[in-house]
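There are 2 protein chains.
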Amino acid sequence: MDTPANTVTAAIVVIGDEILSGRTQDTNSGDIARALGAVGIDVTEIRVVSDEEPAIVEAVNALRAQNSYVFTCGGIGPTHDDKTADAIAAAFGVGIDFDERAIAMMRERFPNPADLNEGRMRMTRIPFGAELIANSVSKAPGFHIGNVFVMAGVPSIMRAMLAEVVPLLRSGVPTSSESLRADIKEGDLAMPLAALQKQHPSVSIGSYPFNDGDRYGSNLVLRSRDTHALADAMAAVEAMLKTLT
Amino acid sequence: MDTPANTVTAAIVVIGDEILSGRTQDTNSGDIARALGAVGIDVTEIRVVSDEEPAIVEAVNALRAQNSYVFTCGGIGPTHDDKTADAIAAAFGVGIDFDERAIAMMRERFPNPADLNEGRMRMTRIPFGAELIANSVSKAPGFHIGNVFVMAGVPSIMRAMLAEVVPLLRSGVPTSSESLRADIKEGDLAMPLAALQKQHPSVSIGSYPFNDGDRYGSNLVLRSRDTHALADAMAAVEAMLKTLT
Chain A
1 MDTPANTVTA AIVVIGDEIL SGRTQDTNSG DIARALGAVG IDVTEIRVVS DEEPAIVEAV
61 NALRAQNSYV FTCGGIGPTH DDKTADAIAA AFGVGIDFDE RAIAMMRERF PNPADLNEGR
121 MRMTRIPFGA ELIANSVSKA PGFHIGNVFV MAGVPSIMRA MLAEVVPLLR SGVPTSSESL
181 RADIKEGDLA MPLAALQKQH PSVSIGSYPF NDGDRYGSNL VLRSRDTHAL ADAMAAVEAM
241 LKTLT
Chain B
1 MDTPANTVTA AIVVIGDEIL SGRTQDTNSG DIARALGAVG IDVTEIRVVS DEEPAIVEAV
61 NALRAQNSYV FTCGGIGPTH DDKTADAIAA AFGVGIDFDE RAIAMMRERF PNPADLNEGR
121 MRMTRIPFGA ELIANSVSKA PGFHIGNVFV MAGVPSIMRA MLAEVVPLLR SGVPTSSESL
181 RADIKEGDLA MPLAALQKQH PSVSIGSYPF NDGDRYGSNL VLRSRDTHAL ADAMAAVEAM
241 LKTLT
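Residue numbers (UniProt numbering), protein chains in the order written: chain A, 1 to 245; chain B, 1 to 245.
Shown next, in the form of structure tokens:
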């Protein structure tokens with residue numbers, strides 16, 4: 001598929017041992033990818049890393065150099081195993097300290113000073129130079145620095161932060177897609193499909209096998225930023241499938 | 001948590017634009033992580049990359065240098081968008097060609113030569129020096145070369161290949177885990193929990209917030225390869241929680 005020079009790209013870093021161990025299923029990366037896709041931003045890579053600072057620093061620094069944006073989720077809570085804010089400060093080589101803007105947000109939720117304890121105060125530590133991301137669910141903010149957006153791991157809070165963030169982004173031309181389900185095995189359509197891919201270079205033609213019990217078939221997904229080219233390719237695929245059935 | 005020198009580690013590379021776009025939810029990485037965890041192999045990183053050869057090569061080469069094993073899933077089907085076998089050959093700097101062992105496996109499923117067409121024959125292209133991984137579901141094999149295991153993306157086929165692969169691996173000491181649900185907000189247990197983490201360095205204590213409607217609480221997960229240390233830490237956490245309620 002064409003990737004013009006002005007393509008806007010993003011990578012996602014999911015932080016958490018619970019995802020790596022397979023105990024918790026990550027759903028945040030899919031939510032982020034769909035929200036970005038809707039404004040024409042292509043996700044090029046997703047990395048799931050451990051709660052350890054070196055792993056976070058390495059992933060964020062590699063990916064922020066290669067993409068328009070990086071989105072992280074996880075590791076900004078009050079407990080000792082939340083190390084993302086320190087890791088981001090280390091990745092950018094800046095200091096980190098309690099942030100008055102973040103403290104003010106937390107005071108809205110915890111007006112009694114006794115409730116704004118040492119653990120919750122950890123959530124107001126923000127790398128120098130970062131802007132905050134509001135959290136309409138539970139107040140403790142995310143932040144962004146450079147091209148990196150740091151969000152919570154709890155899905156409802158991540159989604160609230162994502163809604164704040166998306167309007168700040170440079171958007172691209174959204175990719176349109178069309179899909180169809182063919183009751184034809186991939187092995188029987190692979191060669192004609194490859195020929196169509198060559199004839200329609202501005203359209204990405206993907207094939208994903210399925211099986212329902214004994215039946216095998218192919219889900220075909222066509223994607224392009226050019227809607228006319230997409231329609232032409234879709235018509236060609238439909239005509240090809242008719243020759244096979 | 002202790003990571004002794006003889007720790008066995010793995011990374012997972014999930015290959016496919018459909019995961020990156022958020023249209024398809026990856027479940028293979030969780031299945032692989034749980035199967036490896038059961039034999040004491042720690043997953044250190046999961047990367048989701050596009051169907052493009054350079055992206056696959058970069059991820060596989062970075063991760064195979066850092067881990068005991070790398071597992072890939074996706075991109076070994078018959079269609080033009082399946083590029084994993086070529087990418088693995090490129091990553092290892094070896095050639096790739098039709099493999100007699102793989103052709104024999106495919107002939108079991110497609111005894112009629114007309115059915116073993118050009119598309120299906122693509123699935124018998126195996127990098128030089130690789131060993132095959134049997135596929136009890138649909139015959140087209142995976143393969144392993146060096147410390148990299150290449151499996152299908154269709155979950156039922158991936159699981160069948162994984163069952164073939166796990167007995168081949170050097171296993172580690174499994175990590176035991178205990179979890180408990182505390183109806184206490186993370187902010188209220190963060191500091192005592194951090195103190196317990198310091199006192200129990202051979203146990204990894206993780207805290208994961210939850211909210212059910214208006215109720216917030218914390219899922220605590222304790223993990224260790226030392227079952228006695230785990231029991232001690234669990235008792236200490238339970239005693240600490242009693243002081244808070």
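Just so it is clear, CB atoms sit at the ideal spot from N, CA and C, and this is done for glycine as well.
Given the structure is predicted, the values throughout are model-derived calculations rather than measurements.
May I ask you to report which of helix, strand or coil DSSP gives residue i?
i                : result
Arg64 (chain B)  : helix
Tyr216 (chain A) : strand
Arg159 (chain B) : helix
Arg47 (chain B)  : strand
Val14 (chain A)  : strand
Ile205 (chain B) : strand
Gly22 (chain A)  : coil
His200 (chain B) : coil
Ile184 (chain A) : coil
Arg34 (chain B)  : helix
Val148 (chain B) : strand
Asn28 (chain A)  : helix
Leu222 (chain A) : strand
Thr9 (chain A)   : strand
Glu52 (chain A)  : coil
Met1 (chain A)   : Its pLDDT being 44, under 50, Met1 (chain A) is placed unreliably in this model, and the coordinates cannot settle the point.
Ala233 (chain A) : helix
Mind checking residue i: buried by the 16 CB within 10 Å criterion, or exposed?
i                     : result
Thr227 (chain B)      : exposed
Val172 (chain B)      : Checking the sequence shown, residue 172 (chain B) turns out to be Gly, not Val. Its Cβ being crowded by 16 or more others within 10 Å, Gly172 (chain B) is buried.
Gln199 (chain B)      : exposed
Asn6 (chain A)        : exposed
residue 328 (chain B) : What is shown of chain B runs 1 to 245, which leaves residue 328 (chain B) out entirely.
Gly22 (chain B)       : buried
Ser136 (chain A)      : exposed
Ala239 (chain B)      : exposed
Gly16 (chain B)       : buried
Pro209 (chain A)      : buried
Ala235 (chain A)      : exposed
Pro141 (chain B)      : buried
Gly74 (chain B)       : buried
Asp2 (chain A)        : Reliability of the predicted coordinates at Asp2 (chain A) is poor, the pLDDT of 44 falling under 50, and the value obtained from them is presented with this limitation in mind. So Asp2 (chain A) counts as exposed.
Thr72 (chain B)       : buried
Gly77 (chain A)       : buried
Lys185 (chain B)      : buried
Gln197 (chain B)      : buried
Glu18 (chain A)       : buried
residue 261 (chain A) : The question about residue 261 (chain A) has no answer, for chain A in this structure spans 1 to 245.
Pro167 (chain B)      : exposed
Ala89 (chain A)       : buried
residue 247 (chain A) : The requested residue 247 (chain A) is not part of the displayed model; chain A covers only 1 to 245.
Thr243 (chain A)      : exposed
Leu180 (chain B)      : exposed
Ser163 (chain A)      : The amino acid at residue 163 (chain A) is misidentified as Ser; the sequence shows Ala. Burial call: exposed.
Gly30 (chain A)       : buried
Pro201 (chain A)      : exposed
Is the closest heavy atom of the ligand HEM to the C-beta of residue i under 7 Å?
i               : result
Ala11 (chain B) : Annotation note on the ligand HEM: not contained in the displayed structure, which lists no ligands.
If we cut at 8 Å on Cβ distances, does residue i have a partner in chain C?
i                : result
Ala236 (chain B) : No chain C is present in this structure, whose protein chains are A and B.
(message) Could you tell me which whole beta strand (DSSP E) segments of length 3 or greater appear in the region 57-135 of chain A?
(response) 69-73, 96-98, 125-127 and 131-133
(request) Could you list the residues in the region 66-81 of chain B with a C-beta less than 8 Å from some C-beta on chain A, going in chain order? (result) Gly77, Pro78, Thr79, His80 and Asp81
(request) Scan the region 13-24 of chain A for residues whose Cβ lies nearer than 9 Å to a Cβ of chain B and list them as they occur along the chain. (result) Val14, Gly16, Asp17, Glu18, Ile19, Leu20, Ser21, Gly22, Arg23 and Thr24
(request) Check whether the region 164-180 of chain B touches the region 28-42 of chain B, taking contact to mean three or more Cβ pairs, one atom from each stretch, closer than 8 Å. (result) yes
(message) For the region 8-15 of chain A against the region 42-52 of chain A, do three or more pairs of beta-carbon atoms, one drawn from each stretch, fall closer than 8 Å, so that the two count as touching?
(response) yes
(request) Scan the region 193-207 of chain A for residues whose Cβ lies nearer than 8 Å to a Cβ of chain B and list them as they occur along the chain. (result) Leu193, Ala194, Gln197, Ser204, Ile205, Gly206 and Ser207
(message) So if I threshold CB-CB distances at 9 Å, which residues from the region 38-61 of chain B count as touching chain A?
(response) Asp42, Val43, Thr44, Glu45, Ile46, Arg47, Val48, Val49, Ser50, Asp51, Ala55 and Ala59
(request) Answer yes if the region 106-115 of chain A comes into contact with the region 79-86 of chain A, meaning at least three C-beta pairs across the two stretches below 8 Å, and no otherwise. (result) no
(message) So if I threshold CB-CB distances at 8 Å, which residues from the region 179-191 of chain A count as touching chain B?
(response) Glu186, Gly187, Asp188, Leu189, Ala190 and Met191
(message) Output needed in chain order: residues of the region 103-119 of chain B with a Cβ under 9 Å from some Cβ in chain A.
(response) Phe110, Asp115, Leu116, Asn117, Glu118 and Gly119
(message) Closer than 8 Å is the cut-off here; do at least three beta carbon pairs connect the region 54-61 of chain A with the region 64-74 of chain B?
(response) no
(request) Kindly confirm or deny that the region 150-161 of chain A and the region 210-224 of chain A touch, where touching means at least three C-beta pairs closer than 8 Å. (result) no
(message) Along the region 161-174 of chain A, where does the CB come closer than 9 Å to a CB of chain B? Name the residues.
(response) none
(request) Would you be able to state if there are at least three C-beta pairs under 8 Å between the region 104-112 of chain B and the region 189-198 of chain B? (result) no
(request) Anything in the region 80-102 of chain B with a Cβ closer than 7 Å to a Cβ of chain A? List those residues in chain order, please. (result) His80 and Asp81
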